[in-house]
Amino acid sequence: MTTLTKTEGEKAPTGPEAFLSVRDLRVRFSTEDGIVKAVDGLSFDVERGKTLGIVGESGSGKSVTNLTVLGLHNPKTTTVEGEIILDGKELVTAKEKELEQLRGNKVAMIFQDPLTALSPYYTVGRQIAEPFMKHTGASKKEARQRTIEMLAKVGIPHPQSRVDDYPHQFSGGMRQRAMIAMALVCDPDLLIADEPTTALDVTVQAQILDLLKDLQQEFGSAIIFITHDLGVISDMADDLLVMYSGRAVERGSVREVLRNPQHPYTWGLLSSMPRLGGDTSQALNPIPGSPPSLLNPPTGCPFHPRCAFTDEVTGNRCSGERPPLAAGRASACHLTAEQKQTNFIDKIQPRLR
Amino acid sequence: MSDNLTLPAQQGSKDTAAETLLKVEGLTKHFPIYGGFPIKRKVGAVQAVDGIDLTVGVGESVGLVGESGCGKSTTGRLITRLMEPTDGKITYKGQDISHASRKQLAPVRSEIQMIFQDPYSSLNPRQTVGTIIKSPMEVNGIKPEGGRENKVRELLELVGLNPEHYNRFPHEFSGGQRQRIGVARALALNPKLIVADEPVSALDVSIQAQVVNLLQKVQDELGIAFLFIAHDLAIVRHFSKRVAVMYLGKIVEVADRDSLYNRPRHPYTHALLSAVPEVAIDDEIEVKERIRLAGDVPSPISPPSGCRFRTRCWKAQDKCASEEPPLIQLSGNLDGHLTACHFPEDPTTEARGEDVVLDPALKALEDSAADEAGATVTKG
Chain A
-8 MTTLTKTEGE KAPTGPEAFL SVRDLRVRFS TEDGIVKAVD GLSFDVERGK
42 TLGIVGESGS GKSVTNLTVL GLHNPKTTTV EGEIILDGKE LVTAKEKELE
92 QLRGNKVAMI FQDPLTALSP YYTVGRQIAE PFMKHTGASK KEARQRTIEM
142 LAKVGIPHPQ SRVDDYPHQF SGGMRQRAMI AMALVCDPDL LIADEPTTAL
192 DVTVQAQILD LLKDLQQEFG SAIIFITHDL GVISDMADDL LVMYSGRAVE
242 RGSVREVLRN PQHPYTWGLL SSMPRLGGDT SQALNPIPGS PPSLLNPPTG
292 CPFHPRCAFT DEVTGNRCSG ERPPLAAGRA SACHLTAEQK QTNFIDKIQP
342 RLR
Chain B
340 MSDNLTLPAQ QGSKDTAAET LLKVEGLTKH FPIYGGFPIK RKVGAVQAVD
390 GIDLTVGVGE SVGLVGESGC GKSTTGRLIT RLMEPTDGKI TYKGQDISHA
440 SRKQLAPVRS EIQMIFQDPY SSLNPRQTVG TIIKSPMEVN GIKPEGGREN
490 KVRELLELVG LNPEHYNRFP HEFSGGQRQR IGVARALALN PKLIVADEPV
540 SALDVSIQAQ VVNLLQKVQD ELGIAFLFIA HDLAIVRHFS KRVAVMYLGK
590 IVEVADRDSL YNRPRHPYTH ALLSAVPEVA IDDEIEVKER IRLAGDVPSP
640 ISPPSGCRFR TRCWKAQDKC ASEEPPLIQL SGNLDGHLTA CHFPEDPTTE
690 ARGEDVVLDP ALKALEDSAA DEAGATVTKG
């Protein structure tokens, strides 16, 4: 498996084509109980027109990362270090005014729960038109025209009349469609979708995912797609980042990471999920223990208290030394490339049948 | 199509040797809606559950899947008699409990237990774990050998918690551990049937498998029958030997696990299965059919006439609107595989010649993309 180590060195982290690049991002919240290290040294790139999937359990820092990109954190209690560069512009140190010009214009967001993300006080049409009027200086009439066009595009029936409805008059799937219309109204270059389908039923989820994919082809936006569902990621993303305890533990293309995962946590995620075509007589293989507290994360590799492969690493490196995540296709683990490969083929792959 | 039909078969597992524990016939629950001024009158009803038949054998695990609002949770609550049904009959061990009084129910209650979805709101934050697990025994006046406290410690050990945590409070535990406490509480009375209402959907992926394995262990070792209610088709398939699919208060298809997942007949089951996103771990995965329904589930206040799925079905015809399809065994299906459809699908989930895309926006986008692709080809 020398090819693996080779690729690690080959791919330079900052591709010039990267539209968004995040470098060594650290986000800390000060709370009553102490400092929460929500994101701890995270780096990734998103290319134009591509979809980056971020998977992780709750509390792994995936949502915080993306709120920070948009500057939606509370500046009073949050310290942000590192670099966020969007299209050549540094965002960590940017002023609120500059961020305001980006939000909803160049970068837009789709939230998990469309009922709480939409204001119950304004009509859906007004909420969609607002960013359009603000960023393009369009008149009310033009904005309304554009809103109706967008609603039609995302598949709301009778957009001419539904534009004046309030969010409570929409069903769950329609609200999420309205959110997508709102996010896309200014033709953003980057769309951040934070668990956009978690609150929806499977049949509606399938509609929304396909809609997002088709719209991406038409609009050419880059998408950061956050979810905890590996199945959804497999369907949506080009590249994949697996997060655990505020850090990226594995990175690569979706194909590489899901077909040949190299990190024990990714192995655990894959083998703990039942599959529609799987063998039902076999028990599932859960990851023992539970995710660590971010107030007091484990030393060294954050996954080592739950990891079944720590014996294979010489010395106490797992608990003493934090494994680095190399650039490109890589996993942050002290196991050698050879050990990863043999473990995956011998112990993990047979369980995935 | 009528030659496709055979006599309605007695619903139940193939091996009828297994004794029936619970039988539900024509179970109905309508929640009234009141409106008007100044005197509020009943103006309608949410038809949450509308005439379902289901049996659960001794020690059998039955899955109930469906989307939100299809009445699966209400069904669970009716069976545990946390609600009184509007109509229909629930028979537990030959005893009709559909309208039984509190007194009549008392002995039955200890045998039918429930595990709730949200481990955060289903445990009293002011009670210790010991009290929570002990109280069902106190209420029912059960004095196990060695005392209640001992039994609680045994239960804690059985569900994989440290018995020394007897005096801790729920907030000291993580979500997965709380769900284990919920399981221990359900087991405290040695139940014969556990209704598990979305027991793992509030948990993280890596924890879900722990709880599913625990429930499976409990089922195997103690021989408890389960009604496993969930919306996750893969987890239901893993846990349940027989699965029923619900849509808008009705069961549309019920079959043993392999028939339902590999040879589904109802269009809705096809749509559900095709909508589940699957991890592509290798290239060998067979290409699944692609069905994209339009819109959401209609309101249960005024459900469509006839077949309730017809408004979202690609095969719907006039007959579907006028005549409600009975839940019957179609020819070519195994015993116990019942489907409620006038125009059933072929029993396969493989990709069909053309995708079924009913969503207008998706269709428009895909057609225009196809047109563009076609245009560039002709240009070239």
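Going down the list, the sequences are from chains A and B. First residue of the first sequence: -8, per this note's numbering; consecutive thereafter. First residue of the second sequence: 340, per this note's numbering; consecutive thereafter. From the three backbone atoms N, C-alpha and C, an ideal C-beta is built for every residue, glycine too. None of these values were measured; they are calculated from a predicted model.
Spatial neighbours of arginine 308/A in its own chain (CB-CB distance under 6 Å, excluding positions within 5 residues in sequence) are listed in chain order as His325. Residue contact with chain A for valine 615/B: present (Cβ-Cβ distance below 7 Å to some residue of chain A).
Within the DSSP bridge table, the entry for glutamine 668/B names Leu677/B as partners.
The DSSP assignment places complete beta strand (DSSP E) segments of no fewer than 3 residues inside the region 497 to 574 of chain B at 532 to 536 and 564 to 569, in order along the chain.
Glycine 62/A sits in coil when the DSSP states are folded into three classes, being neither helix nor strand.
Against chain A, a Cβ distance below 9 Å from histidine 676/B picks out nothing, because the smallest value is about 17 Å.
Around histidine 577/B, the beta-carbon contacts reaching into chain A at under 8 Å are Pro265, Gly269, Thr271 and Leu275. In the three-state scheme derived from DSSP, where H, G and I count as helix and E and B as strand, threonine 56/A is classed as helix. One finds nothing in chain A with a Cβ atom closer than 7 Å to the Cβ of valine 401/B; even the nearest lies about 15 Å away.
By the Cβ neighbour-count rule, glutamine 516/B is buried, with 16 or more other Cβ atoms within 10 Å of its own. For alanine 318/A, there is no enclosing beta strand (DSSP E), as DSSP marks it with neither H nor E.
Minimum Cα-Cα distance from glutamate 303/A among the listed residues Thr333/A, Leu316/A and Pro315/A corresponds to Thr333/A. Annotation for arginine 39/A: no alpha helix (DSSP H) segment contains it, and DSSP assigns it neither H nor E. Under the three-state reduction of DSSP output, valine 115/A falls in the helix class. When C-alpha distances from serine 579/B are compared across Lys379/B, Gly375/B, Gly396/B and Ser474/B, the shortest belongs to Gly396/B. DSSP, read as helix, strand or coil, puts glutamine 434/B in strand. For the region 559 to 576 of chain B, the set of positions with a beta-carbon nearer than 8 Å to some beta-carbon of chain A reads His570, Leu572, Ala573, Ile574 and Arg576 in chain order.
Looking only at Ser262/A, Ala239/A and Ile76/A, the smallest Cα-Cα distance to proline 279/A is reached by Ser262/A.
One Cα belongs to arginine 487/B, the other to lysine 473/B, and the distance between them is close to 7 Å.
Taking histidine 609/B as the centre and dropping the five residues before and after it, the same chain places the C-beta of Pro603, Glu628, Ile630, Glu684 and Thr688 closer than 8 Å to its C-beta, in chain order.
Under the Cβ distance rule, arginine 649/B does not count among the residues neighbouring chain A, no pair being separated by less than 7 Å. Only buried fits tyrosine 586/B, as 16 or more other CB atoms lie within 10 angstroms of its CB. Between leucine 316/A and alanine 239/A, the CB-CB gap stays under 7 Å.
Under a 10 Å Cβ-count criterion, glycine 365/B is classified as exposed, with fewer than 16 other Cβ atoms of the shown protein chains found around its own Cβ. Only those residues of the region 158 to 173 of chain A whose C-beta falls short of 9 Å from the nearest C-beta of chain B are listed: Ser162, Gly163, Gly164, Met165 and Arg168.
If you check each beta-carbon in the region 579 to 609 of chain B against every beta-carbon of chain A, the ones closer than 8 Å belong to Arg596 and Tyr600. Look at the region 509 to 522 of chain B: the residues with a C-beta under 7 Å from a C-beta of chain A are Ser513 and Gly515. Judged by beta-carbon spacing, leucine 532/B lies beyond the 7 Å limit of leucine 417/B, meaning their Cβ atoms are not closer than that value. Collapsing the DSSP output to three states places arginine 238/A in a strand. Cβ-Cβ distances below 6 Å link phenylalanine 35/A to Val13 and Leu232 in the same chain, with the five nearest sequence neighbours on each side left out; the list follows chain order. For chain A, none of the residues of the region 486 to 510 of chain B brings a beta carbon within less than 8 Å of one of its beta carbons. Taking a Cβ-Cβ cut-off of 9 Å, the neighbours of aspartate 543/B in chain A comprise Glu48, Ser49, Gly50, His219, Ser281 and Pro282, given in sequence order.
For alanine 594/B, the closest C-alpha among the options Asn601/B, Pro446/B, Gly588/B and Arg581/B is that of Arg581/B. At least one beta carbon of chain A lies nearer than 7 Å to the beta carbon of proline 699/B. The CB of isoleucine 278/A comes closer than 7 Å to the CB of Ser545 in chain B, given here in chain order. The DSSP-derived three-state label of methionine 476/B is helix.
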